[in-house]
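If you read the sequence shown in full-length UniProt numbering, its first letter stands for residue 1, the second for the next number, and so on. All residues carry an ideal CB built from backbone N, CA and C; glycine is no exception. None of these values were measured; they are calculated from a predicted model.
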Amino acid sequence: MRTPVVMTLGMVLAPCGLLLTLTSTLTPGWRLVKGFLNQPVDVVLYQGLWDMCREQSSRERQCGQPDDLGYFAAEPVRVARGLTVTSLAVTALGLLLATLGVRCWQDEPHFALAGLSGVVLFSAGLLSLIPVSWYNHFLADRAVLPAPSSPITVQVGYSLVLGYLGSCLLLLGGFSLALSFAPWCAERCRSCRKAPPSNARRSSISTVYIDWLTPAIKNYSDGQHRPGPSQLGPTSRHKAGFPMPQPPPKAYSNPVDVLDGEKAPDSDHGGSSRSTRPSGSALPCDSDL
């Protein structure tokens, strides 16, 4: 699967925003002060969040200038220090989540994780934009941001411009990555529609399956109970089909005389007189009787 355009755009804009914000935080160019009395015309003082540098066109830049007016103690400077550092940390976290969510080396990206990284990067852009805008608002206010009185002039420095650009790129990159929530939400909605509702109302009457009730209902007709198949006798059962022809009984033949060795009937008084005929003797014929 090709990486979606919104993810590609976010992965390009967010690192650029991080680089610009980092440059803006570290460089001493938030405000440009020039026009000092009893100084050469080309002398310029660059004021930043962490340092101040004096520069002259004919000489090298000299940083670590003393803060005689209490510039670093001003509230916009102290707030900008905390918010810009927080923005850098949140941006690093957002890029880590975006790298794991987009996963360009895999077939399917993690849309939910990519969308979450977009929200984090968008928050980082806001954290960077707030101090830049606040500092720019009080740029010329010498009571809030101390500076020598006129004829000294103050101007916007290059670091403040880089801070604006970095914040805007973070906002755009985070918003672009946050659009990755759309496929994830669509998939979740489809799965919720297919799944049965978990809070469906159950019937107050439970269905009870009774094994003995079904045959009883089947054997009930015309207001009377008919006996079941087990209660019917062998004669009352209805026979199905047609009778099969039975083979004739086979005659029993015994080569040995069945009367051989027969016992004589007992006497009336239970006597034990027995008569035994010799083997091989035949019964008298009717003519002899």
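Beta-carbon contacts of residue i that lie in its chain and below 7 Å, excluding the five residues immediately before and after
i	result
Val41	none
residue 291	One cannot answer for residue 291 here, as it falls past the ends of the chain, which runs 1 to 289.
Leu127	Leu83, Thr86, Ser87, Val90
The beta strand (DSSP E) enclosing residue i, as first and last residue numbers
i	result
Leu32	31 to 34
Tyr71	Tyr71 -> no beta strand (DSSP E), and no H or E assigned at all.
Glu55	52 to 55
Leu45	44 to 47
8 Å Cβ shell around residue i - same chain, five flanking residues per side excluded
i	result
Val44	Leu32, Val33, Lys34, Arg54, Glu55, Gln56
Phe36	Val43, Leu45, Pro148, Ile152
Val19	It is worth fixing the name first, because residue 19 is Leu in this sequence and not Val. Taken in chain order, the residues that qualify are Gly166.
Contact test: residue i Cβ vs the ligand HEM heavy atom, cutoff 8 Å
i	result
Gln106	The ligand content of the structure shown is nil, which means the ligand HEM is not present either.
Residue interval of the alpha helix (DSSP H) (run including residue i)
i	result
Thr153	It is not in any alpha helix (DSSP H) - Thr153 instead sits in the beta strand (DSSP E) that spans 153 to 156.
Glu75	75 to 102
Pro131	111 to 137
Ala14	5 to 26
Contact belief for residue i with residue j at Cβ below 8 Å, rounded distance in angstroms
i	j	result
Val132	Tyr164	6 Å
Leu100	Leu113	6 Å
Pro28	Gly48	3 Å
Gly118	Ala74	With 8 Å as the limit, Gly118 and Ala74 do not qualify as a contact, their Cβ atoms being about 34 Å apart.
Neighbourhood of residue i by C-beta, 6 Å cutoff - its chain only, sequence neighbours within 5 removed
i	result
Leu129	Ser167
Gln62	Arg54
Phe181	Gly115
Ser176	Val6, Leu9, Gly10
Leu25	Here residue 25 is Thr; the residue named in the question, Leu, does not match the sequence. Excluding positions up to five away in sequence, the list reads Thr84.
**Prompt:** Between the stretch 124 to 142 and the stretch 150 to 163, do three or more beta carbon pairs fall short of 8 Å?
**Reply:** yes
Using 8 Å as the Cβ pair cut-off and three pairs as the minimum, do the stretch 166 to 181 and the stretch 3 to 21 touch? yes
| query | Taking contact to mean at least 3 C-beta pairs separated by less than 8 Å, is the stretch 57 to 70 in contact with the stretch 100 to 113? | reply | no
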